[in-house]
Amino acid sequence: MRPSRTVAGAALTAALALGALPGIAGSAGPTPASIIDPVAFQFQVPAFATTTEQIVGPLDDALRAESRLDDATALVEPGSEPVRVVAGRPKVSIPAAHGGSAQKPPRYRTSGEASFYDNGTTAMRLPRGTTVVICGRAGCLERVINDYGPTVWAGGGGRIVDLYRPDFFTICGCASWSGVTQVTVSVY
Numbered sequence: 002m003r004p005s006r007t008v009a010g011a012a013l014t015a016a017l018a019l020g021a022l023p024g025i026a027g028s029a030g031p032t033p034a035s036i037i038d039p040v041a042f043q044f045q046v047p048a049f050a051t052t053t054e055q056i057v058g059p060l061d062d063a064l065r066a067e068s069r070l071d072d073a074t075a076l077v078e079p080g081s082e083p084v085r086v087v088a089g090r091p092k093v094s095i096p097a098a099h100g101g102s103a104q105k106p107p108r109y110r111t112s113g114e115a116s117f118y119d120n121g122t123t124a125m126r127l128p129r130g131t132t133v134v135i136c137g138r139a140g141c142l143e144r145v146i147n148d149y150g151p152t153v154w155a156g157g158g159g160r161i162v163d164l165y166r167p168d169f170f171t172i173c174g175c176a177s178w179s180g181v182t183q184v185t186v187s188v189y
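Count the sequence shown with the numbering used here and you get residues 2 to 189, in order.
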């Protein structure tokens with residue numbers, strides 16, 4: 002019977018490992034302990050360190066300057082302290098709050114039909130990220146275009162926007178069986 006490649010590979014690996022192991026593990030015998038002279042570890046005082054210390058005494062009062070400073074010396078600057086003027090807090094008037102809103106005018110408006118689909122997007126033939134306000138019979142929605150469409154069918158219909166189903170019925174004001182509604186789209 003012929004041995005399999007796995008068995009042959011394992012046997013070859015084991016043979017190589019046993020052949021290399023003595024070299025890796027260090028098959029040489031122990032080295033003899035080296036003898037170190039104990040005198041090498043004794044403290045030696047160098048000759049230049051054996052000099053005597055010089056003691057410095059207190060300074061001679063006769064050689065000190067006449068205007069010397071010590072703990073009892075008072076430091077005084079000529080003149081008087083300036084008068085400090087602390088300004089009060091400034092009076093700030095805040096305009097009264099008022100309500101209102103401002104919306105910039107659209108770049109253009111277009112009218113046509115809107116349909117729906119369940120993709121969760123707002124599709125129009127505009128670049129993605131364009132803000133639009135879509136108005137139908139029941140109200141208006143502001144959305145950001147995040148898909149391209151609608152596709153043109155063979156009949157050449159007038160669909161200009163595909164809406165997510167909940168958005169469609171929010172602006173439609175029509176029954177749930179309706180498929181298209183008239184809208185006006187303001188492009189910002």
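Where is the CB? At the ideal position from N, CA and C, for every residue including glycine.
These numbers come from a predicted model, not from an experiment.
Nearest to residue i by CA position, among the options, is which residue?
| i | options | result |
| --- | --- | --- |
| Arg108 | Asp38, Gly150, Val133 and Met125 | Val133 |
| Arg138 | Val188, Pro39 and Gly113 | Gly113 |
| Tyr118 | Val181, Val57 and Pro59 | Val181 |
Which value, in whole angstroms, describes the spacing of the CA atoms of residue i and residue j?
| i | j | result |
| --- | --- | --- |
| Ala155 | Gly121 | With a pLDDT of 47 at Ala155, under the threshold of 50, the modelled position of this residue cannot be trusted, and the question is left open. |
| Gly174 | Ala97 | 40 Å |
| Pro83 | Glu54 | 55 Å |
| Lys105 | Cys136 | 17 Å |
| Arg65 | Gln43 | 49 Å |
| Arg85 | Ala75 | 25 Å |
| Leu179 | Arg166 | Note on identity: in this sequence residue 179 is Ser, with Leu being the wrong assignment. So the two alpha carbons sit approximately 11 Å from each other. |
| Arg144 | His99 | 27 Å |
| Thr88 | Asp71 | Checking the sequence, you will find Ala at residue 88 rather than Thr. Going by the C-alpha atoms only, they are around 41 Å apart. |
| Ala11 | Leu17 | 10 Å |
| Ala15 | Thr32 | 30 Å |
| Glu78 | Asp62 | 27 Å |
| Ser35 | Ile56 | 48 Å |
Quick check: residue i and residue j, are their CB atoms within less than 8 Å of each other?
| i | j | result |
| --- | --- | --- |
| Asn147 | Arg160 | no |
| Ala124 | Gly150 | yes |
| Ser102 | Asp163 | no |
| Val186 | Thr111 | yes |
| Ile172 | Val188 | no |
| Leu142 | Asp168 | yes |
Just to confirm the assignment, what range does the beta strand (DSSP E) spanning residue i have?
| i | result |
| --- | --- |
| Gln42 | In the sequence on display, residue 42 carries Phe and not Gln. Looking at the DSSP string, Phe42 is not in any beta strand (DSSP E), and its letter there is neither H nor E. |
| Ile161 | Arg160 to Tyr165 |
| Gln183 | Val181 to Val188 |
| Ile135 | Thr132 to Cys136 |
| Ser112 | Tyr109 to Tyr118 |
| Glu142 | Here the sequence assigns Leu to residue 142, which means Glu is not the residue at that position. Taken as a continuous stretch (DSSP letters only), the beta strand (DSSP E) holding Leu142 covers Cys141 to Val145. |
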